[in-house]
């Protein structure tokens, strides 16, 4: 049974106001809470380890899969392995958030290993939102690992967002692109207090005509620390572009290490990174409209992380 | 005695058509070949290890020091430690190239460790050019290590150029900037055949108001490999900008890893990197003016590395 707290977590991490249409699998405190499959999308519990196989038939267009994870106990450590087979020529939305409500003093940790096989010509939009909350001092820890293989002419669009309340995270993303395959990755990350976030994105542009775009935006507040490592590896005629911007505030620290590796004469790779504080002219403009400094800051940060 | 070959090397690496005016120290095959000091600039042989101390009096303006190193034997391994004291308020040019003519089959290697103390309000322009040539298969190896401490209001401008003919190089540059100190670093690097170049530049922006700009341009041809690692570490209110562009050709490989580390809320750090091939529209334009493809390529590369 989903409590009202569970429903709030689901709404935050998976935009679910009610039980979703289409295929879904809701995991709560390490157990299956609910599941639905459709004619085109099957969900099968793994037998060798904890997790599910999501199998999307070739040619499945306009359908979605929601696989949110929610945790509401303190001191729980949950690890799950999910495998996605996105059939050739399909066009689907996959939503996979994680929300932790930790009421106590012990750490609650979710480790999600997601492996995707995006077959020939398939399109996948993948949305992952992370959110933590709770009355106690128990940490909310989330370590997502995302491995994506995109076959010829496939397109993946990833939206990976750490909304708030995650104390510790190691976010690992690996994408391999074959001929004419394309990846667009948008990352949004907020840390504050003494939170720590480490994000690593490696994209291998293996196929001729493959392309990748990464846009990473983060805000680091208080005493939080963020580390970014990106690597675009161009092994063929390809295009790659990484753009990462961080706003740093208070006593926060941001380390940004974006590597580009050109292993082919027709690899075209660009990287841009910037770390700085909120533009003072923006602050002044909003304050001249009657906002307090704090309100103006919040407005700018919300726009930046939108 | 300087042979005509020596004179050619000196001209290439230190723009010296004859014995320079002002202070100089010429090192040939690991030995002192000539030296001149002036009323303001003293050069003293180190007693504890191989190398010299260059002592520039406070307030020395408009003078230069040339300290070229040339090697013309095969199988020589030369390591030298030079220390530069650039007195407060002075404004000087220091030229420190290395030219190796390796006539034989054994490696010739020069390792130069240069340490600079740029005192309050001093300005230093430092030019370092590396060049190798030779009839045999013996490698030309150069490993420069450059450590620079820039005191309050000091300004350093570095021009570090690997002209050609260097088979293997590890270039390490460390700069520490104090209050309102400024560094401008321009690097130019060409590799071809199976040459390998590794360049590491770390700039610590320690003082309030310090600023750094790094512009790195490289061309990687044939089977050569280039690795770049830059790190701007902002520890105070500061500005830092790294811009690195590489042209990749043939079967060359370029790995570019520029890190920016913001450890202060008023650190403003930007990095841009791009790796790609020669723009085809530029090639076509030059070829339409009557150049062969090869001539057009050479013209574009020369402009890029200028």
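Residue numbers (our numbering), protein chains in the order written: chain A, 41 to 346; chain B, 41 to 346. Just so you know, even glycine gets a beta-carbon here, dropped at the ideal spot from N, CA and C. Because the structure is a prediction, the values reported are computed rather than measured.
Taking the beta carbon of residue 148(A) as reference, no residue of chain B falls within 9 Å; the closest one sits roughly 30 Å away. In the DSSP assignment, the residues bridged to residue 217(A) are 190(A) and 245(A). Looking at the backbone, the Cα of residue 291(B) and that of residue 303(A) are separated by about 8 Å.
As the crow flies, the alpha-carbon of residue 178(B) is around 8 Å from that of residue 115(B).
Under the three-state reduction of DSSP output, residue 297(A) falls in the strand class. Counting along the chain, the unbroken beta strand (DSSP E) around residue 148(B) starts and ends at 148-158. C-alpha of residue 236(A) to C-alpha of residue 307(B): approximately 19 Å in a straight line.
In this structure, the straight-line span from the alpha carbon of residue 94(A) to that of residue 195(A) is close to 18 Å. For a Cβ distance threshold of 7 Å, residue set 297 and 299 of chain A lies close to residue 297(B), ordered along the chain. Closer than 8 Å to the CB of residue 92(B) there is not a single CB belonging to chain A. Nearest to residue 69(B) by C-alpha distance, out of 346(B), 113(B), 160(B) and 205(B), is 113(B). Chain order gives no chain A residues near residue 323(B), where near means a beta carbon separation below 7 Å; the closest approach is about 14 Å. In the DSSP assignment, residue 51(B) falls outside any beta strand (DSSP E) and lies within the alpha helix (DSSP H) extending over 44-54. For the pair residue 122(B) and residue 154(B), the CB atoms are nearer than the 8 Å cut-off. Within its own chain, the residues whose Cβ lies closer than 8 Å to the Cβ of residue 335(B), once the five positions on either side in sequence are excluded, are 326, listed in chain order. Short of 8 Å from the beta carbon of residue 89(A), and not among the five residues preceding or following it, lie these beta carbons of its own chain, in chain order: 121. For residue 266(B), there is no enclosing alpha helix (DSSP H); the enclosing beta strand (DSSP E) has its first and last residue at 265-274.
Ranked by Cα distance from residue 45(A), the options 142(A), 128(A) and 239(A) are led by 142(A). In this structure residue 106(B) touches residue 64(B) by the C-beta definition: roughly 4 Å separates them, less than 8 Å. Assigned with DSSP and collapsed to three states, residue 61(B) falls in coil, not helix or strand. The distance from the Cβ of residue 295(A) to that of residue 267(A) is about 5 Å, consistent with a contact at the 8 Å cut-off. Considering only 176(A), 314(A) and 201(A), the residue with the shortest C-alpha distance to residue 272(B) is 314(A). For residue 345(A), the enclosing alpha helix (DSSP H) has its first and last residue at 333-345.
Contact annotation for residue 305(B) against chain A: 288, 289, 290, 291, 292 and 317 [CB-CB distance below 8 Å, chain order]. Looking from the CA of residue 324(B), the closest CA among 340(B), 312(B) and 309(B) belongs to 340(B). By the 16-neighbour rule on beta-carbons within 10 angstroms, residue 229(A) is buried.
Contacts with chain B at 8 Å (Cβ-Cβ) do not include residue 276(A). Using a Cβ-Cβ cut-off of 8 Å, residue 309(B) counts as an interface residue toward chain A, since at least one Cβ of chain A sits closer than that to its own. Within the DSSP bridge table, the entry for residue 209(A) names 182(A) and 237(A) as partners.
For the set 78(B), 265(B) and 344(B), the Cα lying nearest the Cα of residue 207(B) is the one of 265(B).
For residue 324(A), the enclosing alpha helix (DSSP H) starts and ends at 320-328. Annotation for residue 71(B): the continuous beta strand (DSSP E) segment containing it runs 71-76. Scanning its chain for C-beta atoms nearer than 6 Å, with the 5 sequence neighbours on each side dropped, one finds around residue 201(B) the residues 169 and 228, in chain order.
The C-beta distance from residue 140(B) to residue 124(B) rounds to 23 Å, too long to fall under 8 Å, and the pair is not in contact.
Taking the Cα of residue 66(A) as reference, the smallest distance to any Cα among 47(A), 81(A), 132(A) and 78(A) is reached at 47(A).
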